[in-house]
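J.:
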Amino acid sequence: MKSAKLIVMYPTPTDLKTFERRYADEHVPMAVEKLVGKTRFVASLILSNADKSAAHFHRIAEVYFPSLAELKACLNSPGGQETAQHAVEISSGGEPLFLISEVETFDF
1 MKSAKLIVMY PTPTDLKTFE RRYADEHVPM AVEKLVGKTR FVASLILSNA DKSAAHFHRI
61 AEVYFPSLAE LKACLNSPGG QETAQHAVEI SSGGEPLFLI SEVETFDF
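Shown next as structure tokens:
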């Protein structure tokens, strides 16, 4: 069975300092506590596009789950709904983009 991943892409915030503070102090602890069933949480800070131009997104969060069913159950849970609403609330550069993906891993 393939695992699944929730991807949350945050546009560049209008108030970078406030976003970073709220993301670190409020959102990450909330995600760790309330996203039931997760197996891994990766929070990436985007520095630039590969061609060194300014990126449209500031942060990308990836939350892994053992299955698509468990990811969907989490998103429909009170904790999942609260965490998603908080992501929208703190995203001062516009609504974050929420994506669901199936994951295949190739280790080398």
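Just so you know, we're using the UniProt record's numbering here: the sequence shown kicks off at 1 and counts up by one. Virtual Cβ for every residue (Gly too), placed ideally from N, Cα, C. All values derive from a computational prediction rather than experimental measurement.
Give me, in chain order, the residues of the same chain whose beta-carbon lies closer than 6 Å to that of R22; leave out the 5 immediate sequence neighbours on both sides.
T.: Contacts found: I90.
J.: So, at 8 Å on beta carbons, what are the nonlocal neighbours of V36 in its own chain, with the 5 sequence-adjacent residues on each side left out?
T.: Contacts found: A73, C74, S77, G79 and G80.
J.: Mind checking whether M9 and L68 have CB atoms under 8 Å apart?
T.: Result no, Cβ atoms of M9 and L68 do not sit closer than 8 Å.
J.: My assumption, with CB atoms under 8 Å, is that K5 sits in contact with V88. Please give the rounded CB distance.
T.: Rounded, the Cβ-Cβ distance is 19 Å, inconsistent with contact.
J.: Taking just the CA atoms, how far does S92 sit from A24?
T.: Taking the straight line joining both Cα atoms gives about 15 Å.
J.: Give me the DSSP bridge partner(s) of K5.
T.: According to DSSP, which records beta bridges pairwise, K5 is partnered with Y64 and S101.
J.: Going by other Cβ atoms of all chains shown within 10 Å of its Cβ, with 16 needed for buried, is H27 buried or exposed?
T.: H27 comes out buried.
J.: Quick check on the DSSP output: what are the complete beta strand (DSSP E) runs of length 3 or more inside the UniProt domain "EthD" (13-84), in order along the chain?
T.: Listed in chain order, the complete beta strand (DSSP E) runs (minimum 3 residues) inside the UniProt domain "EthD" (13-84) are 40-45 and 57-65.
J.: Just tell me which of T39, H86, K52 and E70 has its CA closest to the CA of F19.
T.: The shortest C-alpha separation from F19 is found at H86.
J.: Is the Cβ-Cβ distance between I60 and S48 less than 8 Å?
T.: Result no, Cβ atoms of I60 and S48 do not sit closer than 8 Å.
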